[in-house]
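Residue numbers (the working numbering): 91 to 423.
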């Protein structure tokens, strides 16, 4: 028997199908972030943060992703690609300000900025049932700078860190963005944060040193650490790949593993690929949207140079983070 539907019934069924499809689309969209202010435990100022948490986070042990804004931005930056990754995995999502854009001394890896991130994390731990074995940190560009600095200075507070196209040596970065003695925009921002150009005084040079993770990453041995950069960055973008590769080398050397030769870095920088890659450099990674050109591991740390520029792959970052578990230290109070 063949069932024939009337035109009205057809339209009704089409409408139901459309509404169901729309409902699924809406459900897949990232939720809007809430905003609050957290009192700094150093200077007592109120620091803004945007956040989201699943309804179950007050009752069930829940992972947390701390997502750090880029160099010239602040906590209001649209980081929906990252918040969506947290949302679909049921993670708590934190987007702190850590003193905003890196153009003044209170920002750019200062003691205040680092504490703001810890204060935001401690606020979430007090408010929700945070899983102490799945406290994740990630950032891009200036957020990559800060992610690696937090990994270097406070490795015990995190279960894993994924950093993308991050600045790891502020002195080298200032020099890179100074042409014919004229500092460019980024060099000017670094100088404004550190009190002047490198070499101005011992006090200024100390600021460059203290705010650069390259000098402290030996402390991150044992912390699952994911360092990434696009091979074209520094040419089409602002941060040469050497920042990521040298950061990895600090961890590798401290942990007794082989380092990446400077000649290999220069070959990647100049040619965009390796003539004689190692087997790990040619391994396929289905979580990456772009080809992997170099991948090396050293204990719990890895570095990846992919076929891209000054960018991040949030899905790949969170896929890696989701497999990491390490007990982080919680606040004593």
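Note that CB positions come from ideal geometry on N, CA and C, so glycine has one too.
Judging by CA-CA distance, which residue of the options is the nearest neighbour of residue i?
i, options, result
"residue 370", "359, 380 and 384", "384"
"residue 184", "123, 299, 151 and 329", "123"
"residue 250", "420, 414 and 400", "414"
"residue 158", "172, 136, 178 and 126", "172"
"residue 175", "150, 281, 142 and 191", "142"
"residue 372", "397, 352, 356 and 359", "397"
"residue 360", "322, 345 and 366", "322"
"residue 36", "193, 207 and 121", "Missing from the structure shown is residue 36; the chain here goes from 91 to 423 and no further."
"residue 400", "388, 211, 299 and 232", "232"
"residue 169", "139, 193 and 148", "139"
"residue 182", "327, 218, 387 and 255", "218"
"residue 346", "211, 237, 146 and 388", "388"
So residue i is in the alpha helix (DSSP H); what residue range does that whole segment cover?
i, result
"residue 233", "232-243"
"residue 338", "332-344"
"residue 207", "201-217"
"residue 276", "275-284"
"residue 260", "260-266"
"residue 294", "292-300"
"residue 354", "352-361"
"residue 391", "No alpha helix (DSSP H) contains residue 391, which is instead part of the beta strand (DSSP E) from 391-396."
"residue 404", "404-411"
"residue 157", "No alpha helix (DSSP H) contains residue 157, which is instead part of the beta strand (DSSP E) from 152-158."
"residue 176", "170-179"
Do residue j and residue i have their beta-carbon atoms positioned less than 7 Å apart in this structure?
i, j, result
"residue 418", "residue 248", "yes"
"residue 277", "residue 264", "yes"
"residue 280", "residue 308", "no"
"residue 205", "residue 128", "no"
"residue 317", "residue 337", "yes"
"residue 402", "residue 378", "no"
"residue 395", "residue 310", "no"
"residue 227", "residue 156", "yes"
Between which two residues does the beta strand (DSSP E) harbouring residue i extend?
i, result
"residue 254", "250-254"
"residue 125", "124-129"
"residue 386", "382-388"
"residue 367", "Looking at the DSSP string, residue 367 is not in any beta strand (DSSP E), and its letter there is neither H nor E."
"residue 313", "Run containing residue 313: none; DSSP gives neither H nor E here."
"residue 140", "136-142"
"residue 420", "Careful: residue 420 lies outside any beta strand (DSSP E) and carries neither H nor E."
"residue 185", "182-186"
State buried or exposed for residue i, treating a residue as buried only when at least 16 other CB atoms are found within 10 Å of its CB.
i, result
"residue 221", "buried"
"residue 213", "buried"
"residue 151", "exposed"
"residue 408", "buried"
"residue 119", "exposed"
"residue 334", "buried"
"residue 115", "At residue 115, the pLDDT of 40 sits below 50, so the modelled position is not reliable; the number obtained from the coordinates is stated separately. So residue 115 ends up on the exposed side."
"residue 51", "Residue 51 falls outside the range modelled here, since the chain spans only 91 to 423, and no answer is possible."
"residue 365", "exposed"
"residue 209", "buried"
"residue 421", "exposed"
"residue 291", "exposed"
"residue 160", "buried"
"residue 354", "buried"
"residue 117", "Residue placement at residue 117 is poorly supported in this model, since its pLDDT is 44, which falls under 50; the coordinates are not used for a value here."
"residue 411", "buried"
"residue 112", "In this prediction, residue 112 has a pLDDT of 42, which is less than 50 and means its spatial position is unreliable; what the coordinates show is noted afterwards. Residue 112 is exposed by the Cβ-count criterion."
Below 8 Å on the Cβ atoms is my contact criterion, and I expect residue i with residue j to pass it. Report the Cβ-Cβ distance as a whole number of Å.
i, j, result
"residue 274", "residue 195", "Not confirmed; about 20 Å, so no contact."
"residue 162", "residue 191", "5 Å"
"residue 302", "residue 259", "5 Å"
"residue 313", "residue 381", "With a Cβ gap of about 27 Å, residue 313 and residue 381 do not count as contacting."
"residue 261", "residue 298", "5 Å"
I want to see whether chain C comes within less than 7 Å of residue i, judged by CB atoms only; does it?
i, result
"residue 237", "In the structure shown, chain C does not exist; there is a single protein chain."
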